[in-house]
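Take 180 as the starting number for the sequence shown in the working numbering and just add one per residue.
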Amino acid sequence: MSWWVIALRLTGLGWYIAFCVVAGILLGIVADRLTGVSPLFTIVGVLLGSVAAFWGVYKMILPVLYGTRNPDLTESGSEK
C-alpha cells in the first residue's frame with residue numbers, strides 16, 4: 180500500500196470520529212428536548228458516539244497495521 184493511500188485512509192478516520200461524536204451529541208440533544216431531561220441523553224450520546232467512533236477506528240486501522248485486507252489475520256498470518 181502506498182503512503183498516500185495510507186494518508187487518505189487516516190484522514191478518513193478523523194472524519195469518521197468527528198461524525199460519530201457529533202451524531203451522538205445531536206441525537207442526545209433531540210432526545211433531551213423530547214423527554215425534558217436536560218443533560219442526560221446528551222452525555223449518553225457523547226459516550227455512545229465516542230465508543231462507536233473508537234471501535235470503528237480500531238476495525239479500520241487493523242488492515243493498515245498488519246498490511247492485509249483481512250483484519251481477522253494475526254501478525255503471523257494464521258487465522259484466529
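Positions of the beta carbon are idealized from the N, C-alpha and C atoms, including for glycine.
Beta-carbon proximity list for residue i, same chain, < 7 angstroms, skipping 5 on both sides
{"i": "V243", "result": "I185, R188"}
Exposed unless 16 or more other CB atoms sit within 10 angstroms - verdict on residue i
{"i": "T214", "result": "exposed"}
{"i": "T190", "result": "exposed"}
{"i": "G203", "result": "buried"}
{"i": "A197", "result": "exposed"}
Residue j beta carbon less than 7 angstroms from that of residue i
{"i": "G326", "j": "L206", "result": "Past the edges of the chain, shown from 180 to 259, lies residue 326, and the structure says nothing about it."}
{"i": "V200", "j": "S229", "result": "yes"}
Local conformation of residue i per DSSP, three classes
{"i": "G228", "result": "helix"}
{"i": "V216", "result": "coil"}
Nearest to residue i (by Cα), restricted to the options the options
{"i": "W194", "options": "A210, M239, S217", "result": "M239"}
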